[in-house]
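**Student:** This is the structure I want to talk about, given as structure tokens.
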Amino acid sequence: TGDSAPLNEAMAVLQHHDAVTGTARQNVADDYARQLAAGWGPCEVLVSNALSQLSYYKQNFSFCRELNISICPVSQESEHFQITIYNPLGRKVKHMVRLPVGEGIFFVKDPDGKAVPNNVVMLPSSSGKEDQWELLFSASVPALGFSIYTVDKVSVQNNLQAISRKHRSHAR
Amino acid sequence: SRVLTIENEYIRATFDSSTGLLMKIENMEQKLSLPVSQGFFWYNASTGDKKSPQASGAYIFRPSRLKPLPVSRWAKIHLVKTDLVQEVYQNFSAWCSQVIRLYPGQRHLELEWTVGPIPVEEYWGKEVISRFDTPMKTNGEFYTDSNGREILKRRRDHRPTWKLSQTEPVAGNYYPVSTRIYITDGHMQLTVVTDRSQGGSSLKDGSLELMVHRRLMVDDERGVAEPLMESEAGSTVRGRHLVLLSSVSDAAARHRLLAEEVVLAPQVVLAQAGSSLYYSW
């Protein structure tokens, strides 16, 4: 069951105690962080339920809380995944989606099934770390609504098969 | 080449390839050009002095000197140019880096900074700022918002309702920045939209600065009884500054819409393949 009340209460506690200014002891600040994290969990369920109801599809939604530091297990490990982008603004927006991925070629489709131009860029690696890649594409999202984009990782084998099919059809 | 540029149909940003620092922003749509030098600096936090025993702390910002020290005078850079993004990675030090990027169709320059963990081995508290220096003649005035609503004019060493005797030339000119800060010479305007509330100021004409991170060794004795000192290695902070250069007449419409997009940003949710039809019952 989704619930926004725990996050609502956690926010109320934080705002009442002026928690964002760093004017609390470390153990109190740690407790604020605990309350926020505990409040966000049931909110994720609430958002998942809302998206299922609006899209008429039940899915195993995943919220990547560490996308700002390029960590997202779903996009990094899956060969096929969906991205739902919700726009809370009262006007249409274009949003550049950036997701950490493994090295490769990707095929991105918009909600109408049309191919969307995308790039995979390599982030400069800091010493001792493996190369990191990010998938970029521009998403268009309606006012107070959402768009669902699908991403497929194109394996080399699939690519060769597609090229060979194309050649055969040209020969015919 | 001595210079390096990233550009889209509206904006061009030029970098000095020998220092790796931003040196110019151009608005090609409005034919505006502004030399801008941007870099990271840090104020050494006061632990109290002859004038006052007040130390810089969570509640109090009180640098020991007027001039901040540069994190580095140059940055190691890495350029990425593709159809969908152009970005310059700047590495200032082991604890301070930034990516300056432009996407197609975007009318602002995006600066994504990463600062921390702030080193404090020498027991100096550090308050890190990002500073933009331009030749704009701003007459000691700059503008900050108040809770994302009204924009208020701020004048250096001045208060509109009483005669100020300025005792803290740096901290006494710092103001809260909820979503944006800007400077203008009456012709063009340089606006920085923030992704979180920060402190900001313009301590000399044409200059604009925002505090991005701080780590202090001494408590300011305002009741918490702990210095603003993260335990263990310390924390790393990542944020974005969105920079707009435009004519004064056009600026308000631009920064209002941009700030809305930052505050009410799109939410991204992922799902792995495989779904079943959902019935509300």
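Chains as they are written, first to last, in the numbering used here: chain A, 41 to 212; chain B, 13 to 293.
For glycine and all other residues, C-beta sits at the position ideal for the given N, C-alpha and C.
My output table needs one value for Q172 of chain A: the three-state DSSP class, helix, strand or coil.
**Tutor:** Residue state, collapsed to three classes: strand.
**Student:** Whole-angstrom Cβ separation of L190 of chain B and G160 of chain B, contact assumed at under 8 Å?
**Tutor:** What sits at residue 190 of chain B in the sequence shown is Ser, not Leu. About 5 Å; that satisfies the 8 Å criterion.
**Student:** Quick one: using the 10 Å Cβ neighbour count with 16 as the cut-off for buried, is Q93 of chain A buried or exposed?
**Tutor:** Exposed is the call here.
**Student:** Exposed or buried, which one is H56 of chain A when buried takes at least 16 other CB atoms within 10 Å?
**Tutor:** The residue in question, H56 of chain A, is exposed, as its Cβ has fewer than 16 Cβ neighbours within 10 Å.
**Student:** For chain B, check one thing: does any of its Cβ atoms lie closer than 8 Å to the Cβ of G62 of chain A?
**Tutor:** Judged by the 8 Å Cβ criterion, G62 of chain A is in contact with chain B.
**Student:** If you drop the 5 nearest sequence neighbours on each side, which residues of the same chain put their C-beta closer than 7 Å to that of G62 of chain A?
**Tutor:** Excluding residues within five positions, none has a Cβ falling inside 7 Å.
**Student:** Is W173 of chain A near V160 of chain A, with beta carbons less than 8 Å apart?
**Tutor:** Yes.
**Student:** Just curious, the alpha helix (DSSP H) that M200 of chain B is in, first and last residue?
**Tutor:** No alpha helix (DSSP H) holds M200 of chain B; the beta strand (DSSP E) holding it covers M200 to T206.
**Student:** Please state whether the Cβ-Cβ distance between V127 of chain B and V224 of chain B is less than 8 Å.
**Tutor:** For V127 of chain B and V224 of chain B, yes; Cβs fall inside 8 Å.
**Student:** Please list the residues of the region 132 to 145 of chain A that have a C-beta atom closer than 9 Å to any C-beta atom in chain B, keeping them in chain order.
**Tutor:** For the region 132 to 145 of chain A, which is checked against every Cβ of chain B, the residues closer than 9 Å are V133, K134, H135, M136, V137, R138 and L139.
**Student:** Does I145 of chain A pass the burial test, meaning 16 or more other C-beta atoms within 10 Å, or should it be called exposed?
**Tutor:** Exposed, since its Cβ has fewer than 16 Cβ neighbours within 10 Å.
**Student:** Determine whether the Cβ of K98 of chain A lies closer than 8 Å to any Cβ atom of chain B.
**Tutor:** Taking Cβ atoms only, chain B reaches closer than 8 Å to K98 of chain A, which makes this a yes.
**Student:** Against chain A, which members of the region 85 to 115 of chain B pass a CB distance test of less than 7 Å?
**Tutor:** Hits within the stretch, in order: H90, V92, T94, D95, L96, V97, Y101 and Y115.
**Student:** Can the beta-carbon of S102 of chain A be found less than 8 Å from the beta-carbon of L139 of chain A?
**Tutor:** No.
**Student:** Under a CB-based cut-off of 8 Å, is E273 of chain B close to chain A?
**Tutor:** It does: the Cβ of E273 of chain B has a partner Cβ on chain A nearer than 8 Å.
**Student:** So, using beta-carbon positions, are F4 of chain B and Y187 of chain B closer together than 8 Å?
**Tutor:** What is shown of chain B runs 13 to 293, which leaves residue 4 of chain B out entirely.
**Student:** Leaving out five residues on either side along the sequence, give the residues of the same chain with a beta carbon under 8 Å from the beta carbon of N20 of chain B.
**Tutor:** Within the same chain, N20 of chain B has close Cβ partners Q98, L114, Y115, P116, G117 and Q118.
**Student:** What residues from chain A crowd round P278 of chain B, counting only those whose CB sits closer than 7 Å?
**Tutor:** Those are I125, Y126, N127, V133, H135 and V181, listed as they occur along chain A.
**Student:** Which residue marks the beginning of the alpha helix (DSSP H) containing A45 of chain A, and which one marks its end?
**Tutor:** Note, A45 of chain A: alpha helix (DSSP H), A45 to H56.
**Student:** Under 7 Å Cβ-Cβ, which residues of chain A neighbour S287 of chain B?
**Tutor:** Chain A residues near S287 of chain B: Y97, K98 and Q99.
**Student:** Comparing the C-beta of C239 of chain A with each C-beta of chain B, is any distance below 8 Å?
**Tutor:** Chain A is shown only over 41 to 212; residue 239 of chain A falls outside these bounds and no answer can be derived.
**Student:** Terminal residues of the continuous beta strand (DSSP E) containing N39 of chain B?
**Tutor:** Element bounds for N39 of chain B: L34 to N39.
**Student:** So, with DSSP's three-state summary, where would you put V100 of chain B?
**Tutor:** Strand, per DSSP.
**Student:** Is H170 of chain B closer than 8 Å to T206 of chain B when the C-beta atoms are compared?
**Tutor:** Not closer than 8 Å, so no.
**Student:** What residue range is occupied by the uninterrupted alpha helix (DSSP H) comprising W80 of chain A?
**Tutor:** Unbroken alpha helix (DSSP H) run through W80 of chain A: Q66 to S95.
**Student:** What residues from chain A crowd round E238 of chain B, counting only those whose CB sits closer than 7 Å?
**Tutor:** Within 7 Å Cβ-Cβ: R65 and Q66.
**Student:** Using a Cβ-Cβ distance cut-off of 8 Å, determine whether Q122 of chain A contacts chain B.
**Tutor:** Closer than 8 Å: yes.
**Student:** Below 8 Å, can you find three or more Cβ-Cβ pairs linking the region 44 to 62 of chain B to the region 265 to 273 of chain B?
**Tutor:** Counting Cβ pairs under 8 Å, fewer than three are found: no touch.
**Student:** Apply the 10 Å Cβ neighbour rule to P147 of chain B and answer buried if 16 or more other Cβ atoms are within range, or exposed otherwise.
**Tutor:** Its Cβ having fewer than 16 others within 10 Å, P147 of chain B is exposed.
**Student:** Going by the beta-carbon positions, is the gap between T150 of chain B and S49 of chain B smaller than 8 Å?
**Tutor:** No, these two residues do not count as a Cβ contact at 8 Å.
**Student:** According to the neighbour-count rule (16 or more other Cβ atoms, all chains shown, within 10 Å of its Cβ), is L232 of chain B buried or exposed?
**Tutor:** The residue you asked about is not Leu; residue 232 of chain B is Asp in the sequence shown. D232 of chain B is buried by the Cβ-count criterion.
**Student:** Taking DSSP as the reference, what is the three-state secondary structure of L91 of chain B?
**Tutor:** L91 of chain B: strand per DSSP, three-state reduction.
**Student:** For my contact list, F154 of chain B and Y194 of chain B are in at a C-beta cut-off of 8 Å; report their separation, rounded to the angstrom.
**Tutor:** With 8 Å as the limit, F154 of chain B and Y194 of chain B qualify as a contact, their Cβ atoms being about 7 Å apart.
**Student:** Identify whether I23 of chain B lies in helix, strand or coil by the three-state DSSP scheme.
**Tutor:** Three-state DSSP puts I23 of chain B in a strand.
**Student:** Could you list which residues in chain A have their beta carbon closer than 8 Å to that of R250 of chain B, in chain order?
**Tutor:** Here the neighbours are N108 and I109.
**Student:** I'd like the list of long-range same chain contacts for F149 of chain A, defined as Cβ closer than 7 Å, with 5 residues on each side in sequence excluded.
**Tutor:** Note that residue 149 of chain A is Lys in the sequence shown, not Phe. Around K149 of chain A: A155, V156, Y189 and T190.
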